[in-house]
Amino acid sequence: MGCRVQAVVSVDDRGQMVLPKEIRDKAGIGPGDKLAVVSLEKDGSICCISLIKISQLDQMVRSHLRPVMKEIVEF
């Protein structure tokens with residue numbers, strides 16, 4: 000596991016870009032899949048943009064919120 004550059008893409012006049020097929024295949028991204036755009040800001044500018052499949056985001060949120068909600072309910 001690690002963070003690395005997978006590809007370089009261009010943005011067209013309409014703001015669209017194409018994820019290379021190899022990346023879509025490896026990530027299991029298909030037509031109609033929803034992706035969350037997550038950004039990291041530094042000094043008032045966005046310096047990093049990540050795409051997360053909604054199904055993965057849902058799992059991440061649940062795994063982080065479940066212990067918090069359990070603690071609140073037990074309180």
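Just so we're aligned, residue 0 is where the sequence shown starts under numbering that gives the first Met the number 0, counting upward by one. Using N, Cα and C, we set each Cβ at its ideal position, and we do this for glycine too.
Tell me the residue span of the alpha helix (DSSP H) that contains residue i.
i, result
"residue 25", "20-26"
Could you tell me the distance, in whole angstroms, from the CA atom of residue i to the CA atom of residue j?
i, j, result
"residue 45", "residue 66", "30 angstroms"
"residue 34", "residue 59", "14 angstroms"
"residue 25", "residue 17", "15 angstroms"
"residue 15", "residue 69", "41 angstroms"
"residue 5", "residue 22", "8 angstroms"
"residue 9", "residue 19", "11 angstroms"
"residue 50", "residue 2", "13 angstroms"
"residue 28", "residue 64", "26 angstroms"
"residue 37", "residue 73", "32 angstroms"
When DSSP labels each residue in this structure, what does residue i get in the three-state scheme?
i, result
"residue 54", "helix"
In the DSSP assignment, what are the bridge partners of residue i?
i, result
"residue 47", "39"
"residue 34", "52"
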